[in-house]
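Numbering (the numbering used here), first residue to last: 8 to 427.
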C-alpha cells in the first residue's frame, strides 16, 4: 500500500491554479453527444478517471461494460443502454457491471423507474444491485413518480434520455428533493441543447419529446475541486489563491462553497478568469449548514471546522452512507485520530466537537477507496505540518492533477511504502 506524505509550504500560500474541468458537466455532455451521434464537440473535457471511463464505454461496442468504481457512469449508462431511441441499437443486449464496491451500491430505484417507462432490465446477480442485463428497447416514457430523496444521479439519468422517449417524461417527486442544483444543472444542459424541459411548480419536472440540437459545449472548471483550495486558504493565515476556469453564473451545486466558506473566513472575489480567494481571519462561534443540495462538500467542511476548532452541525447528509464509502463513518473514524469527537445522529446529521483538536503531524489517513476522503484531509497539513494520505491515487477519480497542483502551490509531496 502506498502513502503520500503532504508537508505544508515553507513560505506563505500564494498561487494560481488552472482548475480541472467539471466531471458533472462533462459526463452529462458526453451522454447528450452520444445521443446526437457525436455531432458536436465537448471542449475542456474533464480528465477525471470517471469521465475517461465514460468516454471509453461510449466509444467501444462491447457486450459487457465495466464502469469500475464510477457511480455516475453506472447510472447514466444504465438509462442510455435501456433506451433504443438514445443509443440507436434496438434489440441489443449488454451486461453492465462495476467494481466490488459498485456492486454493493443500490440501483433498484433507477431500474424500477426505467421499467415503468418500458425498459427491459434484469439483474445478473443480487436483486437491486449491479451487474445488470439490459436489452435496448424503444421506450414510450410518460408519467413517473419517485421519492425526492433518491440520488440526483438517478433522476439526471432519466432526464438525459427523456427527450428521446416517445411521450416525453413527466416526473413527480414525493417529499423534499435533494441535490436540487444537480437536477437544475441537468435541466439547463437539456435546454442548452434544445430540449423542452423545466419545472411545473415545485414538485414536477416535464421534458417534452423531441431531438437534441447539436452545438459545441465548453465545460466549466470544477467547483467540487475548488472546495479543497477553499479549505487550504481557510487553514492558512494570510493564504491567497487564484483559481482559473470558474464562473459566477455556474450551473454547479458545489458553487455553494462561496457561501459556505465566507462564513469560515474565506473571501471570494470573481475575476475575468475565475476567482481569487483570500483569508479574512474571521470565524464564527459555531457553524451549522444543510448539505442536501451539495453533499460532496460535507467532508471538506467537516475537516475544516474541526481544524479551526469551530463546533459544527452538518445536516442533510442522507446520501453520504452510499457514496464511494460510508462517508459518515469514515469521517468519524479519521477525525477521531486528531481527538475530534463526531456525534452521529442517524443518516442525516453529524455534530462535530473539535474543542480538543490536536494538530499531530504525520497522522496516517485511510481513504477507503474514496477520492474525496484523500482531498478533504490533505489540507490538514496546513495545521499539523504534515499528514499522510493512504492510497493517494484515488484522486484520479475526479481530480487527477490534485497532487501536482499542491506541489505547484509549494507543498512537498513524498511517496513512501507503508505496511499493510
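Glycine residues also receive a C-beta, built at the ideal position from the N, C-alpha and C atoms. Bear in mind that the values here come from a model prediction, so they are computed numbers and not experimental data.
A distance below 8 Å between beta-carbons, with the five flanking residues on each side excluded, links residue 183 to the following residues of its chain, in chain order: 155, 156, 299.
Within the segment 336–417, complete alpha helix (DSSP H) segments of at least 4 residues are found at 378–384, 388–391, 409–415, given in chain order. The residues 397, in chain order, have a CB closer than 6 Å to that of residue 373 in the same chain once the five nearest residues on each side in sequence are set aside. Judged by DSSP in its simplified three-state form, residue 129 adopts strand.
For residue 179, the closest alpha carbon among the candidates 413, 212, 265, 293 is that of 212. Per DSSP, reduced to three states, the secondary structure at residue 14 is strand. Between residue 186 and residue 302 the beta-carbon gap is near 7 Å, inside 8 Å, which marks them as a contact.
DSSP places residue 63 outside any beta strand (DSSP E); the residue lies instead in the alpha helix (DSSP H), whose first and last residues are 56–66.
Rounded to whole angstroms, the gap between the alpha carbons of residue 193 and residue 367 is 43 Å.
Of all alpha-carbon atoms in 205, 268, 273, 327, the one lying nearest the alpha-carbon of residue 158 is that of 327. Burial is judged here by how many other beta carbons sit within 10 angstroms of a residue's own beta carbon; residue 29 has at least 16 and is buried. Close CB contacts of residue 137 within its chain, under the 7 Å cut and outside five residues either way in sequence, are with 81, 103, 104, 105, 109, 110, 114 (chain order).
Exclusion of the five residues before and after residue 40 leaves 47, 49 as the residues of its chain whose Cβ lies within less than 7 Å of its Cβ. Excluding sequence positions up to five before and after residue 400, its CB lies within less than 8 Å of the CB of 9, all in the same chain and listed in chain order. For residue 268, the uninterrupted alpha helix (DSSP H) run begins and ends at 264–270, by DSSP. Around the C-beta of residue 76, 16 or more other C-beta atoms lie within 10 Å, and the residue is accordingly described as buried. Annotation: residue 412 to residue 418 spans about 9 Å, alpha carbon to alpha carbon.
Shown here for residue 198: same chain residues with a beta carbon closer than 7 Å to its own, the five before and five after excluded, namely 204 in chain order. Looking from the CA of residue 284, the closest CA among 117, 274, 52 belongs to 274. Secondary structure remark: continuous beta strand (DSSP E) runs of at least 3 residues inside the segment 124–212, in chain order: 127–130, 139–142, 149–154, 176–181, 204–206. According to the DSSP assignment, residue 312 belongs to the alpha helix (DSSP H) that extends over 305–314. Shortest Cα-Cα distance from residue 357 to any of 305, 387, 316 involves 305. Look at residue 287 here: in three-state DSSP terms it is coil, with no helix or strand label. In the DSSP assignment, residue 237 falls within the unbroken alpha helix (DSSP H) covering 230–241.
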